[in-house]
Amino acid sequence: MRTTRRTTLRSAAVLAGTASVLALPVGSAFAASPVVTEPAPGVRAYVTTVKLADGSVAKVHKVGANHFEADIYAGSTKLDTLVSKGAAASYGQNNGLHVVLRPNGTVTTWMDGAQRESRKESAVRLTLPDGRIAVLVDGPHGKRVELSTPKGRALATIDLWRPSVHHDGWTYGLVQDGKRVKFVVIDGKGGGKSRVYDFNGRLIEEYTPRLVASRGGPAAADAAHPGFTALRGQG
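Using numbering that gives the first Met the number 0, you'd call the opening residue of the sequence shown number 0 and step up by one each time.
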């Protein structure tokens, strides 16, 4: 354990295999498995900002493979930096606030005495094939996707009440599949190829239009199979 100042978080590496001794509250994960590109050596790549249980925030950065750092701020005051590298998680606490940063960038937070069954909001950041950014959010009020440019300019938010949006030839949508909600990205410029993600950020399906040779010469969509041909599927 270490103390950087009287009011700062006390941080310690916790082996991932023994993290369960912290008795983390059920559903307290705020950011599950962020998906970001590898930063250049020595560069901290910003991933996401997580609101912590006491209202402070953790700004998560990726430094390398299985190496994340979370700067903890109360207002404009930086309290501490949690560092999770390799197979070790990092744990901090301050005035009843508990924070865990895991090697995949997941941030977990709770307060002393908080009800363990309370459901928190989780968020996963994806870099899409068109270069835009999608944050997949799952919380008490349902699922939504926040779309933005690589520089952070907001484009649109979709949910099950406003399930799709079109932008620059691309279509982004949410689809209810039984109890599961999927995020679909369709490349209208590239012939309609689509990718389907779950809310953990995994690519679970990929489709491409089935084309056949027409009498006129060029290939055309198969009228008997106007949908897509599944290339890959999981779960």
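Even glycine gets a Cβ: it sits at the ideal position worked out from N, Cα and C.
Just so it is clear, the structure is predicted and the values come from calculations on it, not from any experiment.
Who does residue 173 pair with in a DSSP beta bridge?
In the sequence shown, residue 173 corresponds to position 174, counting from 1. For residue 173, which the question treats as bridged, DSSP gives the partners 182.
Residues near residue 202 in its chain [Cβ-Cβ closer than 7 angstroms; skip 5 each side]
Within the sequence shown, the letter at position 203 stands for residue 202. The answer, listed in chain order, is 194, 196.
Which whole-angstrom value is the C-beta distance of residue 147 and residue 157, which I expect to be below 8 angstroms?
Numbered from its first residue, the sequence shown carries residue 147 at position 148. Numbered from its first residue, the sequence shown carries residue 157 at position 158. About 12 angstroms separates the beta carbon of residue 147 from that of residue 157, a gap too long to meet the 8 angstroms contact definition.
Terminal residues of the beta strand (DSSP E) in which residue 120 lies
The residue given as residue 120 occupies position 121 in the sequence shown. Here residue 120 belongs to no beta strand (DSSP E), and DSSP marks it neither H nor E.
Give the range of the beta strand (DSSP E) segment to which residue 241 is assigned.
No information on residue 241 is available, as it lies outside the stretch 0 to 234 that the chain covers here.
From residue 88 to residue 65, what distance separates their C-alpha atoms?
The residue labelled residue 88 in the question sits at position 89 within the sequence shown. The residue labelled residue 65 in the question sits at position 66 within the sequence shown. Per the coordinates, the alpha-carbon of residue 88 lies some 10 angstroms from the alpha-carbon of residue 65.
Kindly provide the ranges of any beta strand (DSSP E) runs that are 3 or more residues long and lie completely inside the segment 87 to 157, ordered along the chain.
Listed in chain order, the complete beta strand (DSSP E) runs (minimum 3 residues) inside the segment 87 to 157 are 87 to 93, 96 to 100, 106 to 110, 121 to 126, 132 to 138, 141 to 147.
Taking its Cβ as the centre, do 16 or more other Cβ atoms sit within 10 Å of residue 51, making it buried, or is it exposed?
To locate residue 51, count along the sequence shown from 1; it is residue 52. With 16 or more other Cβ atoms within 10 Å, it is buried.
On the three-state DSSP scale, how would you describe residue 202?
Indexing the sequence shown from 1 puts residue 202 at position 203. Here residue 202 sits in strand by DSSP.
Proximity winner among 186, 42, 159, relative to residue 174 (alpha-carbon distances):
Against the sequence shown, residue 174 aligns to sequence position 175. Here the closest residue by C-alpha is 159.
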